[in-house]
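Let me begin by presenting the structure, written as structure tokens, before commenting on it.
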Amino acid sequence: MTVFRNPTPTVDIIIEMIDQPHRPILLIERKNPPPGWALPGGFVDYGETVEAAAIREAREEVSLEVELIEQFHVYSDPNRDERQHTLSIVFMAIAKGTPRAADDAKKVGFFELRELPKVLCFDHQQILQDYLRYRHYGIRPR
Numbered sequence: 164m165t166v167f168r169n170p171t172p173t174v175d176i177i178i179e180m181i182d183q184p185h186r187p188i189l190l191i192e193r194k195n196p197p198p199g200w201a202l203p204g205g206f207v208d209y210g211e212t213v214e215a216a217a218i219r220e221a222r223e224e225v226s227l228e229v230e231l232i233e234q235f236h237v238y239s240d241p242n243r244d245e246r247q248h249t250l251s252i253v254f255m256a257i258a259k260g261t262p263r264a265a266d267d268a269k270k271v272g273f274f275e276l277r278e279l280p281k282v283l284c285f286d287h288q289q290i291l292q293d294y295l296r297y298r299h300y301g302i303r304p305r
């Protein structure tokens, strides 16, 4: 009998804080392994759309209601998450207000795209480099 294994779907959200000067990106410092800074996000629940998962994860991790602008890209490298093979649907979003760390987030921080933390989890450095390139040159990742 053949056993099929599939990647686990996740979402990540690039949240621009539109009520802050220079529209910084909101990142979380993870409470659980792997340590480091990351985009808010998480696993898609069974029966949930990826859009609903992104909105839920933003609410759970940073206590904000986000407006999803569009889907940015899908990242599916089997090595992107050391815990298991995941694929992430990344959304661009905007938000206003005061974020508060909750759920898997130890703390939150605002970061300019050109001044990101040194340690980013998973493939989030690549995601944000791709996003910077998109914002400045209109070039989407392949």
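When the letters of the sequence shown are read in order and numbered with my numbering, they come out as residues 164 to 305. C-beta atoms are modelled at their ideal positions from N, C-alpha and C, and glycine is treated no differently.
- Message: Suppose contacts are defined by Cβ-Cβ distances below 8 Å. Is F206 in contact with D244 by that definition?
- Response: no
- Where Q183 falls: helix, strand or coil (DSSP): coil
- Query: When the Cα atoms are used, what is the spatial distance from I176 to A221?
  - Reply: 8 Å
- Item | Proximity of L227 and G260 at Cβ, strictly below 8 Å | yes
- Message: Along the chain, where does the alpha helix (DSSP H) containing V213 start, and where does it finish?
- Response: V213 to V225
- Task: Can you give me the start and stop residues for the alpha helix (DSSP H) that H248 sits inside?
- Result: First-last for H248: undefined, no H or E at that position.
- Query: Considering only C-alpha positions, which residue in the set L250, R246 and V229 is nearest to S239?
  - Reply: L250
- Task: With DSSP as the reference, label R263 as helix, strand or coil.
- Result: coil
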